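**Q**
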Amino acid sequence: AEGEWTPERIHDVFAQIDEVSANRRGIAVEGATNDNYEIVTGGNNSGAASIAGYTNTFLRSIPQVFDVYMDEITPDMAAQYYNQRKAYIEEVMTLNYGPSAAETALKLDENTTEPFYYEFGFGTGSDIESTLTVSLFAVAIVCSIICAPVFASDYSTGADDIQRCTRYGCKRLGKSKLLAAMTLSSALYIVCAAVFVALTLAVYGDDKTSAQLALDALVLIDIDMNGVLVLTLVAGFLSVLAMTAFTLYLSARMRSSVAVLALALAVAMTPTFLIILLRESALGDWLRLLLPSGGLGLGTGMFVDIQTGNFLTIGSLAVWTPFLMLAAPVIETPVFALLARRAYVRHECR
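Mapping the sequence shown onto the working numbering, position 186 (from 1) lands on 251, and the numbers just tick up by one.
#1: Could you check how far apart the C-beta atoms of glycine 360 and glycine 301 are, in whole angstroms? I think they sit under 8 Å.
#2: Using the beta-carbon count (16 or more within 10 Å), is arginine 74 buried or exposed?
#3: Are the CB atoms of glutamine 372 and leucine 298 within a distance shorter than 8 Å?
#4: Is it buried or exposed, arginine 353, if we count other Cβ atoms within 10 angstroms and call 16 or more buried?
#5: Express the C-alpha separation of serine 218 and arginine 429 in angstroms, rounding to a whole number.
#6: Check each candidate in Tyr153, Ala224, Leu201 and name the one with the smallest Cα separation from aspartate 132.
#7: Go ahead and label leucine 348 buried or exposed: buried means 16 or more other beta carbons lie within 10 angstroms of its beta carbon, across all protein chains shown.
#8: Can you name the start and end residues of the beta strand (DSSP E) that arginine 378 belongs to?
#9: With a cut-off of 8 Å on the beta carbons, I'd call leucine 313 and cysteine 212 a contact; round off their distance for me.
#10: Alpha carbon to alpha carbon, how far is alanine 333 from methionine 290?
#11: Can you tell me whether glycine 384 is helix, strand or coil according to DSSP?
#12: In angstroms with no decimal places, state the Cα-to-Cα distance between methionine 319 and glutamate 345.
#13: Helix, strand or coil for valine 105 per DSSP?
#14: Between which two residues does the beta strand (DSSP E) containing tyrosine 182 stretch?
#15: Leaving out five residues on either side along the sequence, give the residues of the same chain with a beta carbon under 8 Å from the beta carbon of alanine 166.
#16: Going by DSSP, which residues form a beta bridge with tryptophan 70?
#17: DSSP three-state call for aspartate 83: helix, strand or coil?
#18: Flag this pair as yes or no: are the beta carbons of leucine 355 and alanine 393 separated by less than 8 Å?
#19: Looking at C-alpha atoms only, which residue of Ala329, Gly362, Leu342, Ala327 is the closest neighbour of proline 336?
#20: According to DSSP, is aspartate 132 part of a helix, a strand, or is it coil?
#21: To the nearest angstrom, how far is the alpha carbon of aspartate 174 from that of valine 305?
#22: Checking the sheet assignment: what are the DSSP bridge partners for aspartate 289?
#23: Over the uninterrupted alpha helix (DSSP H) stretch that includes alanine 224, give me the two end residues.
#24: Helix, strand or coil for proline 140 per DSSP?
#25: Alanine 317 and phenylalanine 216 - do their beta-carbons sit closer together than 8 Å?
#26: If you follow the alpha helix (DSSP H) that asparagine 176 is part of, which residue opens it and which one closes it?
#27: Check whether the Cβ atoms of alanine 329 and leucine 315 sit closer than 8 Å, and answer yes or no.
#28: Could you spell out where the alpha helix (DSSP H) holding glutamate 155 opens and where it closes?
#29: In three-state DSSP terms, what is serine 209?
#30: Between which two residues does the alpha helix (DSSP H) holding methionine 367 run?
#31: Is the distance from the Cβ of threonine 169 to the Cβ of aspartate 287 below 8 Å?
#32: In three-state DSSP terms, what is glutamate 345?
#33: What number of angstroms, rounded off, separates the C-alpha of alanine 205 from the C-alpha of serine 221?
#34: Since threonine 309 and alanine 246 are thought to touch, with beta carbons under 8 Å apart, how far apart are those beta carbons, to the nearest angstrom?
#35: Secondary structure at asparagine 110, three-state DSSP: helix, strand or coil?
Right, here's the structure in full:
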C-alpha cells in the first residue's frame, strides 16, 4: 500500500476488489456518510487479504467522497477520486458552514500535493493519535498541580504576609513567582515532548514520516506526519502555557490550593465533555477552543481537528478550527499572567 496513489493505481486496486467481491462486505457506520468499511478476508483468497491492507490508507475515504457503499464503486469511478474530492469539499462546506467556508477550504486545499503519498509510520496505522493526546493532557495536569499552590499556599499559611515585607515588595516577588512557574512548566513540557518524539522515532524509525496526512477527505492542508507531529506539539505547548497562566491566576485569587486545583482540572476536562455533550455543535466548538485547555482535550486537539475540516463562522467570516486552537492560547497566556500578577499585588490591600 506504500507509495504514490495515482488514479491508475486506484483504478487497479478497485479492479482487484471487483475480482474478490464475493469476499467483501460494506458496513456503514453511524452518521450521514459511509466512511468506514471492512473487507472480509475469510477463506483461502489471498487477494482479499492483500486488499484488506488498503483500508488503512486514504482509500477508506473513497466511499465517503462518492457517498456510496464500497461495493457500488466501479474502478472508473474510483479513478476520479481526486476530482470528486474537490467537489465533495465544496459541497460539505457549503452545506455545513456556508459559501465563505467552502471558499476558504478550497483555498487551503490548493497546495495539497496530488497524487497522495502513503507509507506506514506514526500516525498512519499506529495509535499515536490517542497516545499523544493523553500525554499532552497528562503534562498539563502535572503543570496545574505544580502551579496551584504558588500563591494560594502562602495565603493560607500566612507566609505571604512575611514575604511582602521584603525589600522589593510584592510586585517583584509576584513577577518572580510567575516567571519561575512558567519556566518550570515550559521545561517540563520540552523534556516530555523530547522523550515522546525520541520513543516514537525509535519505534517507527525516521524513514517512515513523510506520508501525507490524507486519511480523510477533509484534510485541507498539504502536511506530512512530521508536520502533524510538530504542529500538535506546538499547539500542546501553547495550551499548557495557557493552562499554567490560568492556574496561576486562580492561585492568586484564592486561598485554597485544593480549590484552585479542582477548578483547573475542571477546565482541563471541559473540552472532553463538550466534544461528547455538544458534538457537531458550533457552540460546543466555540467554548472548547476558547478555553485555555482547548488543545488538550481527550478525543480532540490538533491531531483530530486537522483531519475533520471544522469551521467556525462569524457572519461572513469562516475560521478553520486549528487556526483558532493556535491563536486562543497565544492571547490567553499573557492575559491570565497579567491578571495573576495584578490579583497578587492587590491582595496586599485587603
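No residue lacks a Cβ here, since even glycine has one placed at the ideal position from N, Cα and C.
These numbers come from a predicted model, not from an experiment.
**A** The relevant details are as follows:
#1: Counting from one through the sequence shown, the residue named residue 360 turns up at place 295. Counting from one through the sequence shown, the residue named residue 301 turns up at place 236. Right, the Cβ-Cβ distance comes to about 6 Å (below 8 Å), so this counts as a contact.
#2: As a working mapping, residue 74 is identified with position 9 in the sequence shown. Its Cβ having fewer than 16 others within 10 Å, arginine 74 is exposed.
#3: Indexing the sequence shown from 1 puts residue 298 at position 233. Indexing the sequence shown from 1 puts residue 372 at position 307. No, the pair does not count as a contact, with Cβ atoms beyond the cut-off.
#4: Within the sequence shown, numbered from 1, the residue matching residue 353 stands at position 288. Flag for arginine 353 reads buried.
#5: The structure shown does not extend to residue 429, since the chain spans only 66 to 415, so no value can be given for it.
#6: For this step, residue 132 is matched to residue 67 along the sequence shown. Checking every option, the nearest Cα to that of aspartate 132 belongs to Tyr153.
#7: Here the question's residue 348 lines up with position 283 in the sequence shown. Leucine 348 should be labelled exposed.
#8: In the sequence shown, the residue the question calls residue 378 occupies position 313. In the sequence as displayed, the identity of residue 378 is threonine instead of arginine. Here the beta strand (DSSP E) through threonine 378 covers 376 to 379.
#9: Residue mapping note: residue 313 aligns to position 248 of the sequence shown, counting from 1. Residue mapping note: residue 212 aligns to position 147 of the sequence shown, counting from 1. Indeed, because the Cβ distance is near 5 Å, the residues count as touching under 8 Å.
#10: The sequence position of residue 333 within the sequence shown is 268, counting from 1. The sequence position of residue 290 within the sequence shown is 225, counting from 1. Straight-line Cα distance between these residues: approximately 26 Å.
#11: As a first step, residue 384 is located in the sequence shown; it is residue number 319 there, counting from the start. Before going further, note that residue 384 is valine rather than glycine in the sequence given. Looking at valine 384 - three-state DSSP - the assignment turns out to be strand.
#12: Here residue 319 is taken as the residue at index 254 of the sequence shown, counted from 1. Here residue 345 is taken as the residue at index 280 of the sequence shown, counted from 1. Roughly 35 Å between the two C-alpha positions.
#13: Sequence index remark: in the sequence shown, residue 105 carries index 40 (1-based). With a pLDDT of 38 at valine 105, under the threshold of 50, the modelled position of this residue cannot be trusted, and the question is left open.
#14: Here residue 182 refers to the residue found at position 117 when the sequence shown is read from its first residue. Tyrosine 182 -> beta strand (DSSP E) spans 181 to 183.
#15: To locate residue 166, count along the sequence shown from 1; it is residue 101. Once the five neighbours on either side are set aside, the close Cβ partners of alanine 166 are Met158, Thr159, Phe376, Thr378, Ala383.
#16: Indexing the sequence shown from 1 puts residue 70 at position 5. Phe181.
#17: As a first step, residue 83 is located in the sequence shown; it is residue number 18 there, counting from the start. In this structure, aspartate 83 counts as helix in the three-state DSSP scheme.
#18: As a position in the sequence shown, residue 355 is number 290, starting the count at 1. As a position in the sequence shown, residue 393 is number 328, starting the count at 1. Yes, these two residues count as a Cβ contact at 8 Å.
#19: Along the sequence shown, read from residue 1 onward, the residue named residue 336 stands at position 271. Looking at the Cα atoms, Gly362 is the closest of the given residues.
#20: Translated into the one-based positions of the sequence shown, residue 132 becomes position 67. Aspartate 132: coil per DSSP, three-state reduction.
#21: Locating residue 174 in the sequence shown gives position 109, where the first residue counts as 1. Locating residue 305 in the sequence shown gives position 240, where the first residue counts as 1. The straight-line gap from Cα to Cα measures roughly 30 Å.
#22: As a working note, residue 289 is residue 224 in the sequence shown. Answer is Gln277, bridged to aspartate 289.
#23: Within the sequence shown, numbered from 1, the residue matching residue 224 stands at position 159. Where alanine 224 is concerned, the enclosing alpha helix (DSSP H) stretches over 224 to 228.
#24: The residue you call residue 140 lines up with position 75 of the sequence shown. Reduced to three states, the DSSP call for proline 140 is helix.
#25: Translated into the one-based positions of the sequence shown, residue 216 becomes position 151. Translated into the one-based positions of the sequence shown, residue 317 becomes position 252. A contact, by the Cβ cut-off of 8 Å.
#26: Here the question's residue 176 lines up with position 111 in the sequence shown. Taken as a continuous stretch (DSSP letters only), asparagine 176 belongs to no alpha helix (DSSP H), as it is neither H nor E.
#27: Indexing the sequence shown from 1 puts residue 329 at position 264. Indexing the sequence shown from 1 puts residue 315 at position 250. Yes, Cβ-Cβ distance for alanine 329 and leucine 315 is below 8 Å.
#28: Translated into positions along the sequence shown, residue 155 becomes position 90. That run of the alpha helix (DSSP H) goes 146 to 161.
#29: Working through the sequence shown from its first residue, we reach residue 209 at position 144. The answer is helix: DSSP assigns serine 209 an H, G or I state.
#30: One-based indexing of the sequence shown puts residue 367 at position 302. Unbroken alpha helix (DSSP H) run through methionine 367: 367 to 373.
#31: On the sequence shown, residue 169 is found 104 positions in, with the first residue counted as 1. On the sequence shown, residue 287 is found 222 positions in, with the first residue counted as 1. Not in contact: threonine 169 and aspartate 287 (Cβ atoms no closer than 8 Å).
#32: In the sequence shown, residue 345 corresponds to position 280, counting from 1. If DSSP states are grouped into helix, strand and coil, glutamate 345 belongs with coil.
#33: For the purposes of this step, residue 205 is identified with residue 140 of the sequence shown, where counting begins at 1. For the purposes of this step, residue 221 is identified with residue 156 of the sequence shown, where counting begins at 1. Roughly 25 Å separates the two Cα atoms.
#34: If you number the sequence shown from 1, residue 309 lands on position 244. If you number the sequence shown from 1, residue 246 lands on position 181. With a Cβ gap of about 6 Å, threonine 309 and alanine 246 count as contacting.
#35: Sequence index remark: in the sequence shown, residue 110 carries index 45 (1-based). Its pLDDT being 41, under 50, asparagine 110 is placed unreliably by the model, and the measurement read from it follows with that caveat. Coil.
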